[in-house]
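346 is the number that my numbering gives the last residue of the sequence shown; the numbers go up by one with no jumps. Structure first, then comments.
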Amino acid sequence: MLVTAAGTMRTLGYTAQVEKILEEHGIPYKVFEEVESNPSTATVELGVKLAREQGCDLIIGLGGGSAIDAAKAIASSAGLGIPILDLMREGMSKKGLPCIAVPTTAGTGAEVTHISVLTIKESKRKDGLRSPYNFPSVAIVDPSLTLGLPSYITAYTGIDALTHAVEAYTARAANPVSDLYARKAIILIKQYLRRAVFYGNDLEARKGMALASNLAGIAIAHAGTGAAHGIGMTVGGICNAEHGVVVGLALPTVIRFNLGTNLEKYKDVAELLGEETHGLSLRRAAMLAAEAVEALLADLNLPRRLGDIGVTEDLIPELMADTKTQRVWLNNSRLATDEEKEKLFRALL
Ligand SMILES: [Fe+2]
């Protein structure tokens, strides 16, 4: 079963391209093109129903992080015959159906992570299916599939990759292996993200970003993310905002909040993003990491505040209530109290 979103995937001819390959090889298939942005557990349930009715034995996820996360979840739930909400609550003890992930954006790294982020519509919450058995079996990363991506989506998905790399690099669970992936991803993003946004047909830049996204995905599969993703999960669930937009606008403020936990590493981030730190104090050099991200957001014309995407002060109690369920805060290098979390939200309004 081919799992994808309707609209762009059809218009760009990507869905037809996969259908053609399957037909040429005589492989019977069903297309499930119902995946929305911030996919819901209800959508996954629909996909699981179709996969089981049709006896599908392989799931292909084609698209951005939403399509791939949904495909992974459908593969797991349909293969095991266990409802998605139960899997999210109780985890998995073995693998479901095999899943082939084909990303058409460069940012989420969903093709190499074990997490499917899903929105539970009834409670307006984002939660994840997290299991080592939820990794796709195969990832096909073809940068030419990102050539048709509009500049705004290129920008916010690319910033998601940067946020993955910076958060994984400074997370509590960071380790020397994840650090290697995160550092290389930051270098590639510095080198290629502006190019990919400003001139979408630049294949070398698209290739650099596809690799950066993939490496940053591997980094978070090892080390997890942090507070910017805590904010992203909460705001994404309640306001249905684009994930990359939220985590990106939160990142500079989160870096400043976390700064004292590891000045050396934030200095590294500043340097990897091209900042000149020679002769500066360690603290001043580390601070440049936040400034470099702000400059990138400004260059890419991305929103800088939660207010820009419609989040208003009256939502703060609802946002704060949701943060209690987002475990990713525990992986942030600085353990935030409720008061500090609220301050972060207010600082971002
Ligand atoms: Fe992300």
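All residues carry an ideal CB built from backbone N, CA and C; glycine is no exception. Computed from a predicted model, the values in this text were never measured in an experiment.
In chain order, M284 and A287 place their CB closer than 8 Å to the CB of R253, counting only its own chain and leaving out the 5 sequence neighbours on each side. When distances are taken from the beta-carbon of H111 to the heavy atoms of ligand 1, even the shortest one reaches 8 Å or more. Residue range R122 to R127 is occupied by the beta strand (DSSP E) that includes K123. Here G93 is near A75, since their CB atoms are less than 9 Å apart.
Scanning the stretch 228 to 295 for uninterrupted alpha helix (DSSP H) segments of 4 residues or longer gives 240 to 255 and 260 to 269, listed from N- to C-terminal end. Fully enclosed alpha helix (DSSP H) runs of no fewer than 4 residues occupy 148 to 167 of the stretch 107 to 187, in order along the chain.
With three or more CB-CB distances shorter than 8 Å, the stretch 236 to 248 counts as touching the stretch 145 to 157. Taking the Cα positions, K321 is about 35 Å away from R49. In this structure, ligand 1 has no non-hydrogen atom nearer than 8 Å to the beta-carbon of D66.
Per the DSSP secondary-structure output, F29 pairs in a beta bridge with V0. Using a Cβ-Cβ distance cut-off of 8 Å, the stretch 159 to 174 and the stretch 203 to 219 are in contact, since at least three pairs of beta carbons, one from each stretch, lie closer than that value.
In the DSSP secondary-structure assignment, A98 is bridged to G58 and A136.
Counting along the chain, A207 sits inside the alpha helix (DSSP H) bounded by residues L200 to A220. Taking I184 as the centre and dropping the five residues before and after it, the same chain places the C-beta of L269 closer than 7 Å to its C-beta, in chain order. In this chain, the alpha helix (DSSP H) harbouring R343 covers D335 to L345.
By the Cβ neighbour-count rule, H275 is exposed, with fewer than 16 other Cβ atoms within 10 Å of its own. Contact between L303 and L248 fails: their C-beta atoms lie close to 13 Å from each other, not under 8 Å. Judged by the Cβ position, G229 qualifies as a neighbour of ligand 1 at the 8 Å threshold, a heavy atom of the ligand being closer than this. Between S175 and L316, the alpha-carbon positions lie close to 30 Å from each other. The Cβ atoms of L345 and T250 lie closer than 9 Å to each other. By the neighbour-count criterion, in which a residue is buried when 16 or more other Cβ atoms sit within 10 angstroms of its Cβ, R281 is exposed. At a cut-off of 8 Å, the beta-carbon of T8 does not count as near ligand 1: no heavy atom of the ligand is closer than that. Sixteen is the threshold: since fewer than 16 other Cβ atoms of the shown chains lie within 10 Å of the Cβ of G307, the residue is exposed. In the three-state DSSP reduction, S63 falls in the helix class (H, G or I).
For S37, the pairing in a beta bridge is given by DSSP as T116.
Per DSSP, reduced to three states, the secondary structure at P80 is coil, with no helix or strand assignment. Taking C-beta atoms under 8 Å as the contact rule, T116 and S37 qualify, at a distance of about 5 Å. Rounded to whole angstroms, the separation of the alpha carbons of Y26 and K338 is 47 Å. For the 9 Å CB-CB criterion, A207 and D199 do not form a contact.
A distance criterion of 8 Å places the beta-carbon of V244 in contact range of ligand 1, judged by its closest non-hydrogen atom. Cβ contact annotation for I112 (same chain, cutoff 6 Å, sequence separation greater than five): G125 and R127, in chain order. Contact check for V114 against I57 fails: the beta carbons are separated by 9 Å or more.
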